[in-house]
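Below is one structure, written out as structure tokens; the observations come after it.
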Amino acid sequence: MNNSENFSSCKRDALIGEMEKKNFDLIIFGGGITGAGIALDAISRGLSVALIEQNDFASGTSSRSTKLVHGGLRYLEKLQLKFVAQLGKERKILHDNATHLVLPTPVYLPIFKGGQLNRVLSYIGLLIYDFLAGVKKEYKAHWVKKDRLLKKYPFIESKGLKGAYRYYEYRTNDGRLVIETVKKAAELGAYALNYCEVKQLLETNQQLCGAKFRDALSGRMFSVSGAVLVNATGPWCEQFMNQLDKPMPKSLYPTKGVHLVFPKERFPLLEAFYFDTHDKRMIFAIPRNNQVYLGTTDTPYQGDLRKPLVTDNDMAYLLKATNSKFTGLNLKKNDIISCWAGIRPLIQDPGKSPGEISRKEELFVSESGLISITGGKLTGFRLMAKTLVDKVLRKLNKPVVKCQTQNIRASGSDWENPPTVEKLIEIADARYDEAKQTGISVPDFKELFYRYGTNVDKITEKAYELRPTCSDTTVCWLKAELWYAVNFERVARLADFLIYRTEKVLFQPEWVEKQLIKVADIMAGLLSWDEITKQNEIDLFRKQWDCYRL
Numbered sequence: 022m023n024n025s026e027n028f029s030s031c032k033r034d035a036l037i038g039e040m041e042k043k044n045f046d047l048i049i050f051g052g053g054i055t056g057a058g059i060a061l062d063a064i065s066r067g068l069s070v071a072l073i074e075q076n077d078f079a080s081g082t083s084s085r086s087t088k089l090v091h092g093g094l095r096y097l098e099k100l101q102l103k104f105v106a107q108l109g110k111e112r113k114i115l116h117d118n119a120t121h122l123v124l125p126t127p128v129y130l131p132i133f134k135g136g137q138l139n140r141v142l143s144y145i146g147l148l149i150y151d152f153l154a155g156v157k158k159e160y161k162a163h164w165v166k167k168d169r170l171l172k173k174y175p176f177i178e179s180k181g182l183k184g185a186y187r188y189y190e191y192r193t194n195d196g197r198l199v200i201e202t203v204k205k206a207a208e209l210g211a212y213a214l215n216y217c218e219v220k221q222l223l224e225t226n227q228q229l230c231g232a233k234f235r236d237a238l239s240g241r242m243f244s245v246s247g248a249v250l251v252n253a254t255g256p257w258c259e260q261f262m263n264q265l266d267k268p269m270p271k272s273l274y275p276t277k278g279v280h281l282v283f284p285k286e287r288f289p290l291l292e293a294f295y296f297d298t299h300d301k302r303m304i305f306a307i308p309r310n311n312q313v314y315l316g317t318t319d320t321p322y323q324g325d326l327r328k329p330l331v332t333d334n335d336m337a338y339l340l341k342a343t344n345s346k347f348t349g350l351n352l353k354k355n356d357i358i359s360c361w362a363g364i365r366p367l368i369q370d371p372g373k374s375p376g377e378i379s380r381k382e383e384l385f386v387s388e389s390g391l392i393s394i395t396g397g398k399l400t401g402f403r404l405m406a407k408t409l410v411d412k413v414l415r416k417l418n419k420p421v422v423k424c425q426t427q428n429i430r431a432s433g434s435d436w437e438n439p440p441t442v443e444k445l446i447e448i449a450d451a452r453y454d455e456a457k458q459t460g461i462s463v464p465d466f467k468e469l470f471y472r473y474g475t476n477v478d479k480i481t482e483k484a485y486e487l488r489p490t491c492s493d494t495t496v497c498w499l500k501a502e503l504w505y506a507v508n509f510e511r512v513a514r515l516a517d518f519l520i521y522r523t524e525k526v527l528f529q530p531e532w533v534e535k536q537l538i539k540v541a542d543i544m545a546g547l548l549s550w551d552e553i554t555k556q557n558e559i560d561l562f563r564k565q566w567d568c569y570r571l
């Protein structure tokens, strides 16, 4: 099977059959950004790779972040200069390699008299930040006067406001960054499967040599052999080790980060804000198409890792903090259209509060040979993968081939040279000119372009193919997109498409309510569901959707 053209949910059985026959250099457990990054790094350095996820790709922490690829401005306070420099450089690499997903966005840092942020120290910090990150001149921080800021955003608290610094971060669609990374790894030859649960680790002479899995979609049991096994399961890392291997040498300290989503009519921001709170934390408010989301919190978590919920206390905290800075808005619970909560897999550090615990990753190697990695940040996933694959190569007694991923484009960003933001707009316009005869609107097509990048061409071709038998333009393009999602993105369930591939549950919940049955009908045709299966999938999705609603 050619992995580059067959990342299809319709070919799972054939893929599993192939995997059973192979002896991989590396088996990775966990299909979040860490596992995806490891798979891409390893396959690009000549290793044979299997990546296996118990649910859907990016269904855990990796789709529940603040959706920023940022350089860690707050780490300057702790004088973690090397860490900030690394993250700053990684921002640029990720932008170049996933240009359709990682885009520069302006951020205001408001300064208030008597507030946590000091104007002079903040300026020095931003200068250092820009220098360490190698920021281009047009993206460097500058001061915006109070009057100018209030003219643009009159609902900001004016009392004590001095003005704001305007600097740049990079926004992203975190779930899509994962899937585009996995797809690229598959194009290069990696095997990647979602919805497969590890039932047992296999040993020879007290060393791990593979694992037994259960396909959650078919019930099929199968085994995969591999020389090195990697646990990249994020918040499940400790649980994985305790149940399947040996106890983890350090305990995890999971913390929860919460985000709330508002319609732009109620929170009319055109640019992002990063502001301090009454308890000396920092919160982002970020516009996303016709919505604005804000977050995050950082509180200890002991609940179900699969279903972290936003509580009334979480909501009240964010509303209080936001209304204290945007006093003209008076945001309330009934303004919130959706929400999400994610779990950070931090390493226990006794005596420190959640905000003080290091975000650096840690590696553990057990006596059986299992390599576990946890911690870290979205922005640093490529460097985490490099460190781990270096270790795997040494363990396999293979030459440590130099890391290649700084020059590997994610799926969907397959242009020879990364385009500028302005050039990307021109490319999107040109792609629209090729698609407009189907009747699709400019906003609808642009949404698809910035979701799929160069891969939107496949969807456009399919839409033209369907057009003669489908008079409704919206349905035609929905069918084309779902065809692509099932056949090229391993979509197998409604949540895979509506949450993790498109984020429609987060940012277009009204659309989901209106189109859910239509989506289910189309997927039923693509995946050969009968009526009972289709209804079961709808019921399952509605339960999953509850995690994203108050």
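Mapped onto our numbering, the consecutive letters of the sequence shown carry residue numbers 22 to 571. Cβ coordinates follow ideal geometry from the N, Cα and C atoms, glycine included. Computed from a predicted model, the values in this text were never measured in an experiment.
Span of the beta strand (DSSP E) holding residue i?
{"i": "residue 297", "result": "293-297"}
{"i": "residue 278", "result": "273-284"}
{"i": "residue 258", "result": "Here residue 258 belongs to no beta strand (DSSP E); instead the alpha helix (DSSP H) covers 258-265."}
{"i": "residue 395", "result": "392-395"}
Identify the continuous alpha helix (DSSP H) that holds residue i and give its terminal residues.
{"i": "residue 105", "result": "102-118"}
{"i": "residue 152", "result": "140-154"}
{"i": "residue 533", "result": "530-548"}
{"i": "residue 471", "result": "463-473"}
{"i": "residue 171", "result": "167-173"}
{"i": "residue 240", "result": "First-last for residue 240: undefined, no H or E at that position."}
{"i": "residue 402", "result": "402-416"}
{"i": "residue 654", "result": "Because the chain is modelled from 22 through 571, residue 654 falls outside the range shown and cannot be assessed."}
{"i": "residue 442", "result": "442-456"}
{"i": "residue 202", "result": "195-208"}
Looking at residue j and residue i, is the spacing between their C-beta atoms short of 7 Å?
{"i": "residue 211", "j": "residue 364", "result": "no"}
{"i": "residue 409", "j": "residue 59", "result": "yes"}
{"i": "residue 249", "j": "residue 416", "result": "yes"}
{"i": "residue 55", "j": "residue 253", "result": "yes"}
{"i": "residue 312", "j": "residue 285", "result": "yes"}
{"i": "residue 400", "j": "residue 209", "result": "no"}
{"i": "residue 413", "j": "residue 358", "result": "no"}
{"i": "residue 79", "j": "residue 45", "result": "no"}
{"i": "residue 469", "j": "residue 507", "result": "no"}
{"i": "residue 61", "j": "residue 213", "result": "no"}
{"i": "residue 28", "j": "residue 511", "result": "yes"}
{"i": "residue 202", "j": "residue 57", "result": "yes"}
{"i": "residue 297", "j": "residue 138", "result": "yes"}
If you count every other CB in all the chains shown that lies within 10 Å of the CB of residue i, and 16 or more means buried, which is it?
{"i": "residue 22", "result": "Low confidence applies to residue 22: its pLDDT is 48, below 50, so where it sits in the model is not reliable, and the reading given next is rough at best. Under this definition residue 22 is an exposed residue."}
{"i": "residue 116", "result": "buried"}
{"i": "residue 513", "result": "buried"}
{"i": "residue 382", "result": "buried"}
{"i": "residue 567", "result": "exposed"}
{"i": "residue 552", "result": "exposed"}
{"i": "residue 152", "result": "exposed"}
{"i": "residue 462", "result": "exposed"}
{"i": "residue 141", "result": "exposed"}
{"i": "residue 272", "result": "exposed"}
{"i": "residue 262", "result": "buried"}
{"i": "residue 228", "result": "exposed"}
{"i": "residue 516", "result": "buried"}
{"i": "residue 351", "result": "exposed"}
{"i": "residue 231", "result": "buried"}
{"i": "residue 346", "result": "buried"}
{"i": "residue 438", "result": "exposed"}
Hey, is residue i's beta-carbon within less than 7 Å of any beta-carbon in chain E?
{"i": "residue 260", "result": "Of the protein chains in this structure there is only one, and it is not chain E."}
Checklist line | Three-pair Cβ contact test at 8 Å for the stretch 427-440 versus the stretch 472-482 | finding: yes
Next item on the list: Entirely within the stretch 321-360 and at least 3 residues each: give me those beta strand (DSSP E) ranges in chain order.
Entry: none
Notebook entry, point to check: Contact between the stretch 251-262 and the stretch 88-95: three or more CB pairs below 8 Å?
Noted result: no
Notebook entry, point to check: Would you call the stretch 392-404 and the stretch 299-308 in contact, with 3 or more CB pairs under 8 Å?
Noted result: no
Note to self: Does the stretch 219-237 come into contact with the stretch 420-430, if we say contact requires no fewer than three beta-carbon pairs (one atom in each stretch) closer than 8 Å?
What the structure shows: no
Notebook entry, point to check: Taking three-plus beta-carbon pairs below 8 Å as touching, is the stretch 185-202 in contact with the stretch 118-136?
Noted result: yes
Next item on the list: Report yes or no: do three or more beta-carbon pairs, one from the stretch 70-89 and one from the stretch 347-366, lie closer than 8 Å?
Entry: yes
Next item on the list: Indicate whether the contact test is met: 3 or more Cβ pairs, each with one atom in the stretch 276-283 and one in the stretch 314-334, closer than 8 Å.
Entry: yes
Margin query: Contact between the stretch 500-514 and the stretch 330-338 is defined here as three or more beta-carbon pairs at a separation below 8 Å; is this criterion met?
Written below: no
Notebook entry, point to check: Do the stretch 518-533 and the stretch 481-495 meet, that is, are 3 or more Cβ pairs less than 8 Å apart?
Noted result: no
Next item on the list: Please go through the stretch 40-79 and give each complete beta strand (DSSP E) segment of 3 or more residues, from N-terminal end onward.
Entry: 44-50 and 70-73
Check: Which whole runs of the alpha helix (DSSP H) in the stretch 473-511 are 4 residues long or more, in chain order?
Finding: 477-487 and 494-509
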